[in-house]
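A.B. asks: Mind having a look at this structure? Questions to follow.
There are 2 protein chains.
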Amino acid sequence: MLEKQTRIRRSKARGGRRENRVTIKDLARDLGLSITTISRALNGYSDVSEKTRLRVVEAVRESGYQPNRSAQRLVTQRTHSLGWIKDERAGAIADPHFVEVFAGVLRACRTENYDLVFAAGHHSSQTSAYDRSIREHSVDGFIVDLPQPRDPRISFLLDADVPFVVHGRESRSSQYSWVDIDNAGIFKALAGLMFDNGHRRIALVNGDEHFAYAIERRKGVNAAIRQRGLPADCVTYLSTTHPMGLAGYQLTEQALADPSVTAILYSSSIMAMEGQAAVSRAGRVAGGDLAVATMDDGLRHVDLSPYEDLFTFARSPLRDAGERLVDALVARCERDEPPSGKEMDVTFHIAQGLDSAGLPKKWRPAKAA
Amino acid sequence: MLEKQTRIRRSKARGGRRENRVTIKDLARDLGLSITTISRALNGYSDVSEKTRLRVVEAVRESGYQPNRSAQRLVTQRTHSLGWIKDERAGAIADPHFVEVFAGVLRACRTENYDLVFAAGHHSSQTSAYDRSIREHSVDGFIVDLPQPRDPRISFLLDADVPFVVHGRESRSSQYSWVDIDNAGIFKALAGLMFDNGHRRIALVNGDEHFAYAIERRKGVNAAIRQRGLPADCVTYLSTTHPMGLAGYQLTEQALADPSVTAILYSSSIMAMEGQAAVSRAGRVAGGDLAVATMDDGLRHVDLSPYEDLFTFARSPLRDAGERLVDALVARCERDEPPSGKEMDVTFHIAQGLDSAGLPKKWRPAKAA
DNA sequence: TTAGCCAGCCAAAACGTTTTGGTAAACAGT
DNA sequence: ACTGTTTACCAAAACGTTTTGGCTGGCTAA
């Protein structure tokens with residue numbers, strides 16, 4: 087016998103999960119109130135008597151009622167979730183810097199009671215991932231990280247007029263919310279400390295200069311030079327597109343190939359640590375005949391304690407930045423606040439015994455401009 | 087003048103985001119068709135003529151219509167998203183093993199077109215995080231990883247009768263879907279190889295034996311002993327609750343404190359690598375007078391190439407496991423398939439020149455039981 | 001007493017889909 | 001010509017909330 091073949095779905099089959107969850111309707115029936123009143127009681131409206139509100143709250147507690155998010159989403163046009171589409175270049179999600187920000191974001195999402203929808207998108211298909219997500223209405227706003235100078239994702243999101251927050255900044259930073267540090271100012275200060283202690287040949291071991299943060303850092307170092315009227319060649323610029331693995335060692339090796347280099351400024355404490363093998367190998371000593379300063383992002387799974395007194399640190403925990411990101415984004419999604427930028431605090435932690443030029447042993451803390 | 091104080095919400099303020107998205111209603115109007123027909127055309131029902139379907143598809147294409155997920159969620163009772171509530175013990179999301187699984191999960195989510203809702207929950211509050219998520223209806227199913235022998239999260243989820251998949255296994259593995267490797271079999275095989283090559287004192291550097299996987303691995307080693315009638319003290323058991331950082335070095339140091347140990351079996355390639363410093367320090371040589379075997383999880387950000395010919399590896403990429411997890415979970419959510427378990431393939435990669443006892447230099451590959 | 005106000009409640013509409021249960025027209029078989 | 005089947009469509013209900021725009025009855029002020 088042939089099956090009749092009408093109304094057969096090609097795709098999704100409807101599963102038969104048993105749903106006997108308690109809805110607002112059940113509560114209304116049980117309490118002899120209207121749905122409206124239940125809803126308004128729970129949402130803090132003032133036109134519900136205190137007595138009734140307590141009855142409702144009690145009923146909610148004992149029934150375990152939790153409003154159905156899907157229904158809320160539909161009617162409020164809010165999803166109560168945030169999207170983060172991470173560029174999945176090699177190692178991106180393994181990068182300890184990312185992990186640190188991620189941890190902060192997760193924590194803040196929990197306290198703000200937002201869901202985080204995380205995805206990894208290939209670079210080329212990224213705007214389409216945003217596009218789809220927006221048209222589907224699946225999140226209220228996005229987190230964008232590691233912007234490039236004029237980042238196409240940001241162009242797209244600005245155009246789509248959808249809330250987002252950037253970890254970092256690029257050219258259009260007045261048009262969106264961002265959380266960042268004063269990269270230029272910090273590196274200007276660190277390089278300045280070195281110059282002011284008599285160093286005349288230093289190396290900058292920078293991150294990937296395709297990204298805005300690294301460009302700013304280089305600019306900061308340049309500013310320190312110009313401010314003092316020093317020659318351009320007093321800095322050896324080094325950078326890497328692969329900040330994990332061997333970069334710290336190799337770039338340090340390159341930096342020390344010129345024996346007149348007396349100070350190295352690192353863009354990350356991981357590279358600074360990795361570089362120590364090359365320092366020893368070159369017969370140099372950090373905190374002895376070599377000054378080392380580095381940006382410290384407060385990576386909790388990297389143990390810097392052996393270097394606490396040998397390196398100078400500019401410290402600004404990325405985890406805090408992660409939390410701020412969520413706060414800023416939620417402010418924008420929920421209360422429609424105008425774009426705002428936040429420069430995270432930086433504390434300077436000055437190495438002892440670091441001077442190679444007979445100048446005062448202690449660097450004075452600097453205030454990032 | 088006093089403000090009238092009626093109907094003031096305490097919490098959420100409704101934002102005024104401009105919504106001019108195209109809905110199914112717009113399409114229906116424009117095409118002169120009913121909403122039903124549009125919906126059915128798009129969902130692959132056979133009661134729409136091919137001609138009409140093409141018109142619909144074309145209109146969708148040019149209008150950029152994307153069904154509103156919130157509405158779909160409400161009516162279908164499906165969210166098309168998966169939840170992963172990760173225990174946020176120290177270093178959990180920084181662990182390279184996790185990162186690898188995560189990468190696989192993300193990739194599979196993209197191909198399956200599922201959203202991943204990721205959260206970090208403190209151990210104590212975990213079941214309540216699941217509970218809330220379930221009652222809110224915010225995901226279709228959960229990923230659970232690193233089970234303990236009788237894991238309370240699994241108890242809870244079984245009880246809640248909600249789809250989930252476990253990376254790993256514990257006592258009740260017939261009741262849920264899981265993806266795992268044959269931990270006992272693999273470690274039985276590796277230890278067996280060592281014994282069969284004449285080693286009589288070996289060390290097991292295991293992971294955290296609070297977790298099922300590590301317990302299984304120890305059992306596997308024990309089985310190898312029993313099978314050969316060897317004395318129990320031919321294995322030194324070592325394990326750590328902090329597999330990152332110094333554990334590899336320290337445990338190796340401990341293992342080699344007994345100079346009669348001629349082989350070390352590691353639970354992770356990271357520990358094996360970290361242990362090399364201690365090996366050198368003890369004046370021993372991996373692949374020379376010390377046999378080293380390790381589980382290799384295919385961590386892509388760990389460069390094992392220096393050890394390719396010195397260590398023996400049992401290899402099973404965690405990324406693949408991540409992809410399987412999603413496949414298994416989607417099968418369960420979408421098609422309500424019964425629980426199924428999957429043991430991932432393992433390939434053995436045998437070190438050369440590893441024998442310290444004058445026995446054949448090549449180990450023969452073993453089939454994990 | 002009466003108008004006005006306020007506190008406290010509610011019915012119904014709306015959000016944007018999917019699904020149910022049809023109908024009308026065309027076609028086929030007798 | 002009549003009956004049944006098939007094709008191609010559709011109106012309305014449903015999903016579970018929030019919000020709008022009421023209404024009622026009691027209190028206050030004149």
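In the order they appear, the protein sequences are chains A and B.
Sequence positions in the first sequence follow the working numbering and run 87 to 455.
Sequence positions in the second sequence follow the working numbering and run 87 to 455.
Beta carbons are placed, not taken as given, at the ideal position from N, Cα and C, and that holds for glycine.
No experiment lies behind these values; they were computed from the predicted model shown.
1. Does the separation of the CB atoms of B:Ala359 and B:Gly334 fall below 8 Å?
2. Exposed or buried, which one is A:Thr398 when buried takes at least 16 other CB atoms within 10 Å?
3. Is there a Cβ from chain A that is less than 8 Å from the Cβ of B:Glu222?
4. So A:Leu332 packs on A:Met357, CB below 8 Å; how close in whole Å?
5. Could you name the residues of the segment 173-189 of chain B whose beta carbon sits closer than 7 Å to any beta carbon of chain A, in the order they occur along the chain?
6. Given B:Ser219, which residues of its chain have a CB within under 7 Å of its CB, disregarding the five upstream and five downstream residues?
7. What residue range is occupied by the uninterrupted beta strand (DSSP E) comprising A:Glu174?
8. Report the CB separation of B:Phe228 from B:Phe250 in whole angstroms; it is logged as a contact under 8 Å.
9. What is the DSSP secondary structure of A:His223, reduced to helix, strand or coil?
10. Residues of chain A with a CB under 9 Å from the CB of B:His296: which are they?
11. Here's a check: name, in chain order, each residue in its chain whose Cβ is nearer than 6 Å to the Cβ of B:Gly145, leaving out the five neighbours to either side.
12. What are the boundary residues of the alpha helix (DSSP H) that B:His387 is part of?
13. Report buried or exposed for B:Lys137, applying the criterion of at least 16 other Cβ atoms within 10 angstroms of its Cβ.
14. With a threshold of 7 Å on Cβ separation, who are the neighbours of B:Ala310 within its own chain once the five nearest residues in sequence on each side are excluded?
15. Just the Cα atoms here: how many angstroms apart are B:Arg139 and B:Leu128?
16. Since A:Ser355 and A:Gly293 are thought to touch, with beta carbons under 8 Å apart, how far apart are those beta carbons, to the nearest angstrom?
17. Would DSSP call B:Thr123 helix, strand or coil?
18. Using the three-state DSSP reduction, which class does B:Ile436 fall into: helix, strand or coil?
19. Helix, strand or coil for A:Glu429, going by three-state DSSP, please let me know.
20. Would a C-beta distance cut-off of 8 Å place B:Val265 and B:Arg164 closer than the cut-off?
21. Counting along the chain, where does the beta strand (DSSP E) carrying B:Asp201 start and finish?
22. Is it buried or exposed for B:His296, if we count other Cβ within 10 angstroms and need 16 for buried?
23. Indicate the three-state DSSP secondary structure (helix, strand or coil) for A:Ala349 in the structure shown.
24. At 4 residues or longer, and completely inside the segment 315-379 of chain A: list those alpha helix (DSSP H) runs for me, N to C.
25. I need the DSSP call for A:Ile267, collapsed to helix, strand or coil.
26. Output the boundary residues of the alpha helix (DSSP H) element that contains A:Thr197.
27. If you run the structure through DSSP and keep just helix, strand and coil, what is A:Arg286?
28. Any beta-carbon of chain B closer than 8 Å to the one on A:Val203?
29. For B:Thr165, which residues in chain A fall below 9 Å Cβ to Cβ?
30. Report all residues from its chain with a CB closer than 8 Å to the CB of B:Thr213; omit the five preceding and five following residues, and keep chain order.
31. With A:Phe250 as the anchor, note down where its beta strand (DSSP E) starts and where it stops.
32. With a cut-off of 8 Å, does the C-beta of B:Gln152 fall near any C-beta of chain A?
33. Taking a contact to mean a Cβ-Cβ separation below 8 Å, would you say B:Ile124 touches B:Val108 in this structure?
34. Which chain A residues are close to B:Cys195, counting only those with a beta carbon under 8 Å from its beta carbon?
35. When the cut-off is 8 Å and only beta carbons count, does B:Arg239 lie next to chain A?
36. Looking only at its chain, what residues have a beta carbon closer than 6 Å to the beta carbon of A:Arg370, apart from the 5 residues adjacent to it on each side?
C.D. replies: Result, derived from the coordinates:
1. A quick correction: the sequence has Met, not Ala, at residue 359 of chain B. Contact flag set, yes.
2. buried
3. yes
4. Actually they are not in contact, since the Cβ atoms of A:Leu332 and A:Met357 sit about 10 Å apart, beyond 8 Å.
5. Gly177, Ile179, Ala180, Pro182, Val185, Phe188 and Ala189
6. The residues are Gly169 and Val225.
7. No beta strand (DSSP E) contains A:Glu174, which DSSP labels as neither H nor E.
8. 4 Å
9. coil
10. The contact set of B:His296 on chain A, defined by CB atoms closer than 9 Å, is empty, because the minimum CB distance reaches about 20 Å.
11. The sequence shown places Ala at residue 145 of chain B, not Gly. The answer, listed in chain order, is Leu113 and Leu117.
12. If you look at B:His387, you'll find it isn't in any alpha helix (DSSP H); DSSP assigns it neither H nor E.
13. exposed
14. Excluding its 5 nearest sequence neighbours in each direction, B:Ala310 has C-beta neighbours in its own chain below 7 Å: Lys274, Ala277, Gly278 and Phe281, listed in chain order.
15. 8 Å
16. The C-beta distance from A:Ser355 to A:Gly293 rounds to 12 Å, too long to fall under 8 Å, and the pair is not in contact.
17. helix
18. Coil at B:Ile436, not helix or strand.
19. strand
20. Cβ atoms of B:Val265 and B:Arg164: not closer than 8 Å.
21. Asp201 to Gly207
22. exposed
23. strand
24. 333-343 and 355-367
25. coil
26. Pro182 to Glu198
27. coil
28. yes
29. Arg155 and Ser156
30. Pro238, Arg239 and Phe242
31. Phe250 to His253
32. yes
33. no
34. Near B:Cys195 (Cβ distances below 8 Å), the residues of chain A are Ala205.
35. no
36. Excluding residues up to 5 positions away in sequence, Leu376 lie with their Cβ nearer than 6 Å to the Cβ of A:Arg370 in the same chain.
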